[in-house]
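Asker:
Chains as they are written, first to last, in the numbering used here: chain V, 59 to 323; chain B, 2 to 273.
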């Protein structure tokens, strides 16, 4: 049996090897960016230099780190709500074919409504502040969880289903012992997609519903910097926002890989 | 189809009129079938069959693929209902062992074996203990913490057998349990299953399309015709414990030969 430590070590080594290419690409893009700015003498407020962006962060790290904390917290809470809510809704829908057929298409339709169009409503309902931001995050990330939970719950092994029937398992027992565990790989995929989407929902929510001041999140920092033509600060906040999204995705992916070690055949 | 001849398969002549007798399982028979049939719409899967399966016996049902013997096994186990006739089954736990291991990939072996007890509401300690005992029966105890994907096909099938045995069944129904394994592993598991039965003496009914396997494992071999399944031979296999040499022994070969001949004749007749 492979120990968890050795599989962790292997996956770490694997991810180091896998990140060499992207890191090289990033270095190349940054170099081209610096060269482009120097060659054409682009003004700082249009395009700051890579070094200028770094300096903008260094000049005011506290504000940015508070922004990261605030945005990451909203993203994490919103994602958690989407994860739990999505699995619950998906499970409820799977209990009845009729309900699934009549409700599931509507959830798809609902997903088509652009978030920026709903966000003002969230402000009306939840007011300014975290609840609206968390709601915006959850709305964006819940759909892949619902869809993947449903798909996973449907994909159970007919042989095992018959076995449970022979063993006298009822509907609920069969769901709990077979359908749900069978759905885990699919649910995990949904959670990873949701984690990738969460930061998008958070920043969008912050644009419309966040308040400035001491604890301004990244979305507000972006808007404020934009209004002041502090392009370098916009860049810092954007890079950090991407970092928040990446972090959440990374944590969920790592957790899912550990969990799925059991499910691998 | 109603005029089709009934299968008379109990060797005991005194039972000729048993279908008129009240249909409660006797002390000596685990299963009693009278004119049991199963149709799927217009398709007759099992022709009216009379059959008695004595307590603690080992019966094998042999026949060409798709002849309805699996359907008959499902009727015996009560996971399918006959469309005609009467079937009575003595009280007692019934277990199935399928052709595929049907293990849950997310459970360790011991947790897989525990499943029937878990569903029956047996306490955690008790079912753990019995699952370990069942794994010991099939000599898989060292692998109890492993996951199915880490095991060979033979080991998975052993685990499946352990799961069937863990509820201490009085009736074990085996549906080509080793059909998907290679020849060597299959012989090995056949020998173990036979030894297990000699020790535990549950009532066993095996479906297989391998005549040598049927003769090796069972005390009694019923040969079925192509669909609709009808018994064309009812053979008693050589007595006594089995070992590796049994496969090629004279008595076994003779028994397998008569079963084979009956099967070939039935297939030829069905073609005509």
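Every residue gets a Cβ at the ideal spot worked out from N, C-alpha and C, and that includes glycine.
(1) Suppose only complete runs of 3+ residues qualify. What are the beta strand (DSSP E) ranges in the region 95-137 of chain B, listed by chain order?
(2) Rounded to a whole number of angstroms, what is the C-alpha to C-alpha distance between residue 24 of chain B and residue 81 of chain B?
(3) Would you say residue 268 of chain B lies against chain V (beta-carbon separation less than 7 Å)?
(4) Assuming contact is defined by CB atoms lying nearer than 7 Å, are residue 223 of chain B and residue 260 of chain B in contact in what I supplied?
(5) What are the boundary residues of the alpha helix (DSSP H) that residue 304 of chain V is part of?
(6) Buried or exposed, going by whether 16 or more other CB atoms sit within 10 Å of the CB of residue 104 of chain B?
(7) Confirm, please, whether the CB-CB distance from residue 191 of chain B to residue 217 of chain B is below 7 Å.
(8) Report buried or exposed for residue 71 of chain B, applying the criterion of at least 16 other Cβ atoms within 10 angstroms of its Cβ.
(9) Using 10 angstroms around the beta-carbon of residue 101 of chain V, count the other beta-carbons present and answer buried if the total reaches 16, otherwise exposed.
(10) Checking contacts by CB at 7 Å: is residue 246 of chain V closer than that to chain B?
(11) Residue 69 of chain B and residue 230 of chain B - do their beta-carbons sit closer together than 7 Å?
(12) Residue 235 of chain B by DSSP, collapsed to three states: which one?
(13) Tell me residue 61 of chain B's beta-bridge partners as DSSP assigns them.
(14) With a cut-off of 7 Å, does the C-beta of residue 180 of chain B fall near any C-beta of chain V?
(15) Chain B beta carbons: is any one of them nearer than 7 Å to that of residue 315 of chain V?
(16) Would the region 195-209 of chain V count as touching the region 218-233 of chain V if we require 3 or more Cβ pairs under 8 Å?
(17) How is the beta strand (DSSP E) around residue 85 of chain B delimited, first residue to last?
(18) For residue 212 of chain V, which of helix, strand or coil comes out of DSSP?
(19) Taking the alpha carbon of residue 212 of chain B as the point to measure from, which residue in B:189, B:232, B:254 and B:131 has its own alpha carbon closest?
(20) My guess is that residue 117 of chain B and residue 161 of chain B are in contact by the Cβ rule of under 8 Å, so how many angstroms apart are they, rounded?
(21) For chain V, check one thing: does any of its Cβ atoms lie closer than 7 Å to the Cβ of residue 90 of chain B?
(22) Whose Cβ in chain B lies nearer than 7 Å to the Cβ of residue 231 of chain V?
(23) DSSP three-state call for residue 49 of chain B: helix, strand or coil?
(24) Could you please tell me which residues of the region 71-102 of chain B, in chain order, have their CB closer than 8 Å to any CB of chain V?
(25) Helix, strand or coil for residue 30 of chain B, going by three-state DSSP, please let me know.
(26) Strictly under 7 Å for the Cβ-Cβ distance: is residue 239 of chain V near chain B by that measure?
(27) At which residues does the beta strand (DSSP E) containing residue 176 of chain B begin and terminate?
(28) Return the chain-ordered list of same chain residues with a C-beta closer than 7 Å to the C-beta of residue 254 of chain V, the five sequence neighbours on each side being excluded.
(29) On the DSSP bridge list, what partners appear for residue 39 of chain B?
(30) For residue 55 of chain B, list the residues DSSP reports as bridge partners.
(31) In or out: residue 158 of chain B buried (at least 16 other Cβ within 10 Å) or exposed?
(32) On the DSSP letters alone, give me the boundaries of the alpha helix (DSSP H) that residue 243 of chain V sits inside.
(33) Does residue 156 of chain V pass the burial test, meaning 16 or more other C-beta atoms within 10 Å, or should it be called exposed?
(34) Using DSSP with H/G/I as helix, E/B as strand and the rest coil, what is residue 25 of chain B?
(35) Return the chain-ordered list of same chain residues with a C-beta closer than 8 Å to the C-beta of residue 318 of chain V, the five sequence neighbours on each side being excluded.
(36) What residue does the alpha helix (DSSP H) around residue 78 of chain B start on, and which one ends it?
Answerer: Taking the definition as stated:
(1) The beta strand (DSSP E) runs of length 3 or more contained entirely in the region 95-137 of chain B are, from start to end of the chain, 95-98.
(2) In the second chain, the residue the question calls residue 24 of chain B occupies position 23. In the second chain, the residue the question calls residue 81 of chain B occupies position 80. Residue placement at residue 24 of chain B cannot be trusted, given a pLDDT of 44 that sits under 50; what the coordinates show is reported in the next sentence. In a straight line, the C-alpha of residue 24 of chain B is about 19 Å away from that of residue 81 of chain B.
(3) Translated into positions along the second chain, residue 268 of chain B becomes position 267. Look at residue 268 of chain B: its C-beta is not under 7 Å from any C-beta on chain V.
(4) Walking along the second chain from the start, residue 223 of chain B turns up at place 222. Walking along the second chain from the start, residue 260 of chain B turns up at place 259. No; because the gap between Cβ atoms is not below 7 Å, this pair is not in contact.
(5) Taking the first residue of the first chain as position 1, residue 304 of chain V is located at position 246. Counting along the chain, the alpha helix (DSSP H) containing residue 304 of chain V begins and ends at 289-318.
(6) Numbered from its first residue, the second chain carries residue 104 of chain B at position 103. Sixteen is the threshold: when 16 or more other Cβ atoms of the shown chains lie within 10 Å of the Cβ of residue 104 of chain B, as they do, the residue is buried.
(7) By 1-based counting over the second chain, the position of residue 217 of chain B is 216. By 1-based counting over the second chain, the position of residue 191 of chain B is 190. Yes, they are a contact pair.
(8) Your numbering for residue 71 of chain B matches position 70 in the second chain. Flag for residue 71 of chain B reads buried.
(9) Looking up residue 101 of chain V in the first chain gives position 43. Exposed, by the Cβ-count rule.
(10) Reading the first chain from its first residue, position 188 is the one you call residue 246 of chain V. Residue 246 of chain V does not count as touching chain B.
(11) Numbered from 1 along the second chain, position 229 holds the residue referred to as residue 230 of chain B. Numbered from 1 along the second chain, position 68 holds the residue referred to as residue 69 of chain B. Yes, they are a contact pair.
(12) Locating residue 235 of chain B in the second chain gives position 234, counting from the first residue. Strand at residue 235 of chain B.
(13) Locating residue 61 of chain B in the second chain gives position 60, where the first residue counts as 1. The partner list for residue 61 of chain B (beta bridge, DSSP) reads B:207 and B:222.
(14) Reading the second chain from its first residue, position 179 is the one you call residue 180 of chain B. No - not a single Cβ of chain V is within 7 Å of the one on residue 180 of chain B.
(15) Walking along the first chain from the start, residue 315 of chain V turns up at place 257. Closer than 7 Å: no.
(16) With a cut-off of 8 Å, the region 218-233 of chain V and the region 195-209 of chain V do not count as touching, because too few Cβ pairs lie within range.
(17) In the second chain, the residue the question calls residue 85 of chain B occupies position 84. Element bounds for residue 85 of chain B: 85-90.
(18) Within the first chain, residue 212 of chain V is the residue found at index 154, counting from 1. Here DSSP, grouped into helix, strand and coil, assigns residue 212 of chain V to helix.
(19) Reading the second chain from its first residue, position 211 is the one you call residue 212 of chain B. The option with the nearest alpha carbon to residue 212 of chain B is B:254.
(20) Taking the second chain and counting its residues from 1, one reaches residue 117 of chain B at position 116. Taking the second chain and counting its residues from 1, one reaches residue 161 of chain B at position 160. Contact annotation, residue 117 of chain B with residue 161 of chain B: C-beta distance approximately 12 Å; criterion of less than 8 Å not satisfied.
(21) Looking up residue 90 of chain B in the second chain gives position 89. Between residue 90 of chain B and chain V, the shortest Cβ-Cβ separation is not below 7 Å.
(22) Within the first chain, residue 231 of chain V is the residue found at index 173, counting from 1. Near residue 231 of chain V (Cβ distances below 7 Å), the residues of chain B are 120.
(23) Taking the first residue of the second chain as position 1, residue 49 of chain B is located at position 48. DSSP places residue 49 of chain B in strand when its eight states are reduced to three.
(24) Within the region 71-102 of chain B, the residues whose Cβ lies closer than 8 Å to some Cβ of chain V are 78, 80, 97, 99 and 101, listed in chain order.
(25) Translated into positions along the second chain, residue 30 of chain B becomes position 29. Strand.
(26) As a first step, residue 239 of chain V must be located in the first chain, where it is residue number 181. Chain B places a beta carbon closer than 7 Å to that of residue 239 of chain V, counting this residue as a contact.
(27) The sequence position of residue 176 of chain B within the second chain is 175, counting from 1. 172-176 is the extent of the beta strand (DSSP E) around residue 176 of chain B.
(28) Translated into the one-based positions of the first chain, residue 254 of chain V becomes position 196. 303 and 307.
(29) Position 38 of the second chain, counting from 1, holds the residue named residue 39 of chain B. In DSSP, residue 39 of chain B forms a bridge with B:47.
(30) As a working note, residue 55 of chain B is residue 54 in the second chain. DSSP output for residue 55 of chain B lists B:30 as bridge partner(s).
(31) Walking along the second chain from the start, residue 158 of chain B turns up at place 157. The residue in question, residue 158 of chain B, is buried, as its Cβ has 16 or more Cβ neighbours within 10 Å.
(32) Taking the first chain and counting its residues from 1, the one referred to as residue 243 of chain V is at position 185. For residue 243 of chain V, the uninterrupted alpha helix (DSSP H) segment begins and ends at 238-267.
(33) Position 98 of the first chain holds residue 156 of chain V. Burial call: exposed.
(34) Position 24 of the second chain holds residue 25 of chain B. Note that residue 25 of chain B scores a pLDDT of 47, beneath 50, so its modelled location is shaky and nothing firm can be said.
(35) Working through the first chain from its first residue, we reach residue 318 of chain V at position 260. The beta carbon of residue 318 of chain V sits closer than 8 Å to those of 242, 243 and 246, all from its chain and outside the five residues before and after it, given in chain order.
(36) What you label residue 78 of chain B is simply residue 77 of the second chain in a count that begins at 1. Its alpha helix (DSSP H) spans residues 70-78.
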